[in-house]
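4 protein chains.
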Amino acid sequence: MSNLENADALVISSDPLHPANLIPELCRSFYQLGWVTGTGGGICIRVGDKVFIAPSGVQKERIEPTHIFVLPYPQAAPSPHTDRVFLRRPAKNLKESACTPLFWNSFDLRKAGSCIHTHSQHAVMATLLWTGPVFTISHQEMIKGVRVGGTGAALSYLDALEIPIIENTPNEEDLKDSMADAMIKYPNAAGVLVRRHGVYVWGNDWEKAKTQTECLDYLFEIAVKMKLAGIPTLLNEVN
Amino acid sequence: MSNLENADALVISSDPLHPANLIPELCRSFYQLGWVTGTGGGICIRVGDKVFIAPSGVQKERIEPTHIFVLPYPQAAPSPHTDRVFLRRPAKNLKESACTPLFWNSFDLRKAGSCIHTHSQHAVMATLLWTGPVFTISHQEMIKGVRVGGTGAALSYLDALEIPIIENTPNEEDLKDSMADAMIKYPNAAGVLVRRHGVYVWGNDWEKAKTQTECLDYLFEIAVKMKLAGIPTLLNEVN
Amino acid sequence: MSNLENADALVISSDPLHPANLIPELCRSFYQLGWVTGTGGGICIRVGDKVFIAPSGVQKERIEPTHIFVLPYPQAAPSPHTDRVFLRRPAKNLKESACTPLFWNSFDLRKAGSCIHTHSQHAVMATLLWTGPVFTISHQEMIKGVRVGGTGAALSYLDALEIPIIENTPNEEDLKDSMADAMIKYPNAAGVLVRRHGVYVWGNDWEKAKTQTECLDYLFEIAVKMKLAGIPTLLNEVN
Amino acid sequence: MSNLENADALVISSDPLHPANLIPELCRSFYQLGWVTGTGGGICIRVGDKVFIAPSGVQKERIEPTHIFVLPYPQAAPSPHTDRVFLRRPAKNLKESACTPLFWNSFDLRKAGSCIHTHSQHAVMATLLWTGPVFTISHQEMIKGVRVGGTGAALSYLDALEIPIIENTPNEEDLKDSMADAMIKYPNAAGVLVRRHGVYVWGNDWEKAKTQTECLDYLFEIAVKMKLAGIPTLLNEVN
């Protein structure tokens, strides 16, 4: 294990924008937003061939840089329960985020540089009020902050937003295949909602992943308010 | 009293994770969440044979480490109105939290290491919309953040959550027996709701008590939203 | 004016609990709670024969100790538009809070040591849903955080809370007489609601005024939620 | 470009009230209020013949003073897509806010010293519940915090507030003409709502623009609550 222990340099940096510093800072901010309470949710950042991932089952607002895992990318057979290869593990007795195989979907299928998972109640309420396989809204300015497929060109105000909804499973890892299926079926979607659970959103880098998560969360929130007020969320005259 | 005054060392530590430092920090955070406004609510931490408890009737976001009481555990006859034994009392003219006998229930009946009491409006609204003796919800990811009986194994997504609701009394101390009765009748419950008042939640340590309080508060909040939107909170196909 | 300028010592102190330091700090906190946005609302603190008051029409979250007015108490004829006597005026071109004559009601009629005025939407919504001259709620734990008349003994859980509602006037100062009338008619009330405007709450000192404002704001908020959900806020079996 | 690079002195100041320091600070505060998430919204400040503007499409809570653009005022032909004249551009590859031509409306038509744009959900919900060309509310104390036309005398409690609503366009710049038309048609309005998008609010200086935005946002929020609760927002007896 000495190689892994020597690998501490991978998470020690005085640069506040280093992924090992950003992940704790962003998780504190997400906690304030109600996205990652009760140890839920999280964020990963991929820089080239290295993926930085937070631990599982910890208070997300109290993560330290030294708690961060570093994994090489790509690696073979990223199936849910395969043993993973690490460049660095924390000294503490921690386990990498249970979201790891789902984050991997965003790298493999969309070449994403970052993926965020929240338990936002706006996302969950959207999955309860949109009972089918897809959430839709149109004619909202905030749609323009979302990119086609999460990593492409920006959507227009005239584009209707579609986010697929998959059914939850008892083990988070087991969402991998249905999330991948939804990403393939909805290639333009910037995220995947998980019914009664939350949302996964990705982007080319952490800024894009974060701002797209903010836009989608805003859209889930206002769509829920509109639905409960009897206002249609999808107008027919969409181009 | 000189023994008690000399006991100040029990609450002076440079370690931010010392209970006398944690309680003020956590209470400030709980204030931001709306859980302990108006002097209500609080948290206690037990480390082995010592229990750290905040004062009663003070602004919870302005507690200082020197305001913390330390009591030996166990101690005989922890009935509501019995005189208590202290290892340390604050110099200021303060009284220990009125929740003390209720916190004791969590130690005696569940071997908890920490217990949290909030006046969260989500908890109170849940007790108003669930008019019977128990709050229930199923098929929510956040259920997985709660442990059986508060200190056992984690619940599964397929487990329905049950939290008993007891009736409020004019004096907080007088909730001791009905809370204990509910804990015995619902051995799997991680907390006890008090109608028109709030909730008590415990765990093996302060991290578990806090994250479980976050999960339960999230579940009360979304359950209230679901109920008001006409969405069932308990699905029949629960295993 | 040199006496007044020399009076700067009245607002310069290294003690964070000095009224000239507390008022800015508390106003920042009230801003976060949404109580004093848009320059509305405020707090005054009386220490014996000196009253510390914030300026009118300024951003309440950006007050500095040097902006604070100090007035002697008592002073003759505190009618709405009478010239007031000052112990200290800020050097800047500021005017004392338009709430001054209303704050004075709490000193003259209840011997209060502090009075808080908020534009909280919970208070305003309560005045819109309770269309008569009084807001009432019973059987809520948070009622216990309120004192009889604001400065007396604590209410019991079995006491119904009553807060009179007065009608708004174009000029804040003109509320003085109707507020005084309501305080005389409802001697047990710890505050006065102003329809379509907000609430005044007082206490023996700033801690009591603040925690009672928190309790009342909590009660307005939950009462509004209950009313909108069709849940009665006043139970018949009140003692 | 050396002139522009030398122009860095325009945005470097130790004064916290310098526009290049204020814009980042205020944007962080607006982010906390949910006004500028997902890179949306912003603020500009004009001091005499210089206009300070934030960049477009960036995280508004992470702006640095060195990211600020400075433009001379007035300048010819401020049409939406005209090339603009700058006194200073950031070294980074940034583009000035897409709101620039709309901010210009507030300078040209109202001599404003600052203009704020938010995506507040209260504003958007108001545009969905008020389906016509104008939002109205009367008899709310917070109306007194708004000035006639944004830069004139303060409104009275007896004045009904009117804010015109214009229809959104795919490109923000293309709102320029319809916003100007609305400002001319409603000369007393302190802001312009954009349907399914947000609001523009201006004032004589940044303090006035900010406090008026707070007042309007408060009024949008409470008007939406009132409308959903079936309470009329416009009383007939308005003077």
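Protein chains in written order, with UniProt numbering: chain S, 1 to 239; chain H, 1 to 239; chain F, 1 to 239; chain C, 1 to 239.
Glycine included, every Cβ here is placed at the ideal spot set by N, Cα and C.
DSSP-derived helix/strand/coil call for residue i
i: S/Thr118; result: strand
i: F/Trp35; result: coil
i: H/Ile12; result: coil
i: S/Tyr73; result: coil
i: C/Ala229; result: coil
i: F/Val124; result: helix
i: F/Pro19; result: helix
i: S/Phe220; result: helix
i: S/Asn239; result: For S/Asn239, the pLDDT reaches just 39, beneath the cut-off of 50, and the residue's location in the model is therefore unreliable, although a value from the coordinates is still provided. Correct three-state label for S/Asn239: coil.
i: H/Met1; result: Note on H/Met1: pLDDT 43, under 50, position unreliable in the model; no value is reported.
i: H/Trp206; result: helix
i: F/Gly48; result: coil
i: H/Glu64; result: coil
i: C/Pro187; result: coil
i: C/Gly42; result: strand
i: C/Phe107; result: helix
i: S/Pro55; result: strand
i: F/Gly132; result: coil
i: H/Glu162; result: strand
i: H/Glu167; result: coil
i: C/Leu102; result: helix
Residue i classed as buried or exposed, judged by whether at least 16 other C-beta atoms fall within 10 angstroms
i: C/Ile184; result: exposed
i: F/Pro65; result: buried
i: H/Ser14; result: exposed
i: C/Lys208; result: buried
i: S/Gln140; result: buried
i: F/Ala180; result: buried
i: S/Gly41; result: buried
i: F/Ile12; result: exposed
i: S/Ala182; result: buried
i: S/Leu17; result: exposed
Whole-Å CB distance - residue i paired with residue j, under 8 Å assumed
i: S/Ala223; j: S/Ala126; result: 6 Å
i: C/Gly203; j: C/Gly145; result: The Cβ separation is near 11 Å, so there is no contact.
i: S/Ile143; j: S/Leu234; result: Their Cβ separation, rounded to whole angstroms, is 12 Å, which puts S/Ile143 and S/Leu234 out of contact at 8 Å.
i: H/Val201; j: H/Ile63; result: The pair is not a contact, with the Cβ atoms about 19 Å apart (cut-off 8 Å).
i: H/Ile163; j: H/Leu216; result: 7 Å
i: C/Thr100; j: C/Ile53; result: 6 Å
i: H/Leu10; j: H/Val70; result: 5 Å
i: F/Leu228; j: C/Ile231; result: So it is not a contact: roughly 11 Å between Cβ atoms.
i: C/Leu87; j: C/Lys210; result: Going by Cβ atoms, the distance from C/Leu87 to C/Lys210 rounds to 24 Å, so no, they are not a contact pair.
Any C-beta of chain S under 8 Å from that of residue i
i: residue 263 of chain C; result: As displayed, chain C neither begins before 1 nor continues past 239, which places residue 263 of chain C out of reach and without an answer.
i: H/Ser178; result: no
i: H/Leu158; result: yes
i: C/Val124; result: yes
i: C/Gly203; result: no
i: C/Leu228; result: yes
Pair within 8 Å by beta-carbon distance, residue i and residue j
i: F/Pro19; j: F/Ile45; result: yes
i: H/Thr37; j: H/Val58; result: no
i: S/Asn168; j: S/His197; result: yes
i: F/Val199; j: F/Ser120; result: yes
i: S/Ala190; j: S/Arg147; result: yes
i: S/Ser56; j: C/Pro170; result: no
i: F/Asn105; j: F/Lys176; result: yes
Below-8 Å beta-carbon distance, residue i vs any chain C residue
i: S/Ser106; result: no
i: S/Cys215; result: yes
i: F/Thr151; result: no
i: F/His197; result: yes
Contacts of residue i in chain B (Cβ-Cβ under 7 Å)
i: S/Leu175; result: The structure shown contains no chain B; its protein chains are S, H, F and C.
Any C-beta of chain F under 8 Å from that of residue i
i: C/Ile222; result: yes
i: H/His67; result: no
i: C/His18; result: no
i: C/Ala112; result: no
i: C/Glu61; result: no
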